[in-house]
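Residue numbers (the working numbering): 3 to 308.
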């Protein structure tokens with residue numbers, strides 16, 4: 003394994019982690035503020051990807067596709083919150099799981115009805131289609147580098163939103179004591195709708211960005227949703243910092259594990275067995291990481307202690 007390959011995979015892990023952060027940030031906001039288990043968050047990721055692919059294909063503009071992804075996912079999230087989720091806040095978690103699982107089925111079949119069962123493809127914009135030469139002569143895809151930069155900028159914006167704005171104060175207060183801020187005159191229903199739409203928009207943006215790397219298809223959000231839940235368990239529920247650190251840890255662990263473990267096992271067994279064994283263990287690494295973090299800090303790395 004060469005040094006250049008190692009750095010390229012390190013950047014791939016960072017890009018994967020940043021994409022997970024866009025999913026996990028919205029999920030941890032919703033869970034932290036509302037106490038809601040939202041299994042349909044992956045469907046909003048899918049909505050963003052399909053909206054971006056459809057609009058970009060119609061207009062020829064990738065930026066219009068991204069705008070459509072943000073708008074469609076945010077609108078879908080706000081609509082779902084007002085029509086369905088709002089009735090679940092005072093229900094137990096089993097009711098929330100069942101209702102949001104039903105939303106997964108509705109979104110999947112609705113998307114299949116509108117766009118069909120065949121995958122769509124979103125082209126990388128011409129300006130980002132080539133490689134960027136990094137220090138050391140490393141050629142890395144410009145689009146993947148743009149995803150990393152975009153995710154880090156959004157992370158900084160979220161930190162500022164939560165820490166420095168009036169909306170952020172209300173979000174943090176709603177997480178701490180929703181009854182008190184409602185008694186102080188804050189429209190808690192409107193706040194919940196804004197938070198849910200913000201989380202949905204982030205998920206839709208993640209789907210749109212990844213849609214240019216892989217095909218856009220029905221059900222694409224569920225595997226990412228599982229990883230997003232792993233991220234917020236590792237990082238701590240309700241913590242944006244935890245979502246970012248947890249996402250980067252999961253992305254690097256998954257990507258570097260798939261690179262290094264087959265090579266490590268190749269020192270002790272033949273190539274075919276090493277590849278199979280290393281790949282199998284690499285696929286479990288993120289869950290092993292989650293288990294270790296929970297043993298050390300049951301509330302997650304940056305979660306509040308009970």
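We put the beta carbon where it would ideally sit given N, CA and C, even for glycine.
May I ask you to list the residues that DSSP assigns as paired with residue i?
{"i": "residue 278", "result": "Partner(s): none; residue 278 has no beta bridge."}
{"i": "residue 141", "result": "135"}
{"i": "residue 122", "result": "218"}
Report buried or exposed for residue i, applying the criterion of at least 16 other Cβ atoms within 10 angstroms of its Cβ.
{"i": "residue 176", "result": "buried"}
{"i": "residue 225", "result": "exposed"}
{"i": "residue 292", "result": "buried"}
{"i": "residue 259", "result": "buried"}
{"i": "residue 120", "result": "exposed"}
{"i": "residue 4", "result": "exposed"}
{"i": "residue 167", "result": "exposed"}
{"i": "residue 207", "result": "buried"}
{"i": "residue 172", "result": "buried"}
{"i": "residue 296", "result": "exposed"}
{"i": "residue 289", "result": "exposed"}
{"i": "residue 39", "result": "buried"}
{"i": "residue 83", "result": "buried"}
{"i": "residue 232", "result": "buried"}
{"i": "residue 146", "result": "buried"}
{"i": "residue 239", "result": "buried"}
{"i": "residue 324", "result": "Missing from the structure shown is residue 324; the chain here goes from 3 to 308 and no further."}
{"i": "residue 278", "result": "exposed"}
In angstroms, rounded to a whole number, what distance separates the CA positions of residue i and residue j?
{"i": "residue 169", "j": "residue 163", "result": "7 Å"}
{"i": "residue 78", "j": "residue 202", "result": "8 Å"}
{"i": "residue 246", "j": "residue 85", "result": "30 Å"}
{"i": "residue 10", "j": "residue 16", "result": "10 Å"}
{"i": "residue 114", "j": "residue 44", "result": "15 Å"}
{"i": "residue 301", "j": "residue 241", "result": "11 Å"}
{"i": "residue 281", "j": "residue 263", "result": "7 Å"}
{"i": "residue 154", "j": "residue 252", "result": "16 Å"}
{"i": "residue 298", "j": "residue 234", "result": "15 Å"}
{"i": "residue 138", "j": "residue 67", "result": "34 Å"}
{"i": "residue 63", "j": "residue 50", "result": "15 Å"}
{"i": "residue 20", "j": "residue 132", "result": "21 Å"}
{"i": "residue 108", "j": "residue 136", "result": "45 Å"}
{"i": "residue 95", "j": "residue 42", "result": "14 Å"}
{"i": "residue 71", "j": "residue 149", "result": "15 Å"}
{"i": "residue 287", "j": "residue 256", "result": "7 Å"}
{"i": "residue 305", "j": "residue 34", "result": "10 Å"}
{"i": "residue 205", "j": "residue 220", "result": "15 Å"}
{"i": "residue 249", "j": "residue 116", "result": "32 Å"}
{"i": "residue 198", "j": "residue 18", "result": "23 Å"}
{"i": "residue 90", "j": "residue 97", "result": "7 Å"}
{"i": "residue 200", "j": "residue 266", "result": "43 Å"}
{"i": "residue 22", "j": "residue 47", "result": "11 Å"}
{"i": "residue 111", "j": "residue 118", "result": "9 Å"}
{"i": "residue 106", "j": "residue 227", "result": "11 Å"}
Checking contacts by CB at 7 Å: is residue i closer than that to chain C?
{"i": "residue 183", "result": "The structure shown contains no chain C; it holds only a single protein chain."}
When the Cβ atoms of the stretch 46-65 are set against those of the stretch 123-141, are three or more pairs found closer than 8 Å? Pairwise C-beta distances place the stretch 46-65 in contact with the stretch 123-141, as three or more of them are shorter than 8 Å.
Would you be able to state if there are at least three C-beta pairs under 8 Å between the stretch 22-29 and the stretch 283-291? As far as the Cβ criterion goes, the stretch 283-291 does not touch the stretch 22-29, which means the pair count is below three.
Hey, is the stretch 98-114 in contact with the stretch 197-214, meaning 3+ C-beta pairs nearer than 8 Å? Cβ pair count under 8 Å is below three, so no.
Extract the residue ranges of the alpha helix (DSSP H) inside the stretch 186-230, only unbroken runs of 4 or more that lie entirely within it. 190-213, all fully within the stretch 186-230.
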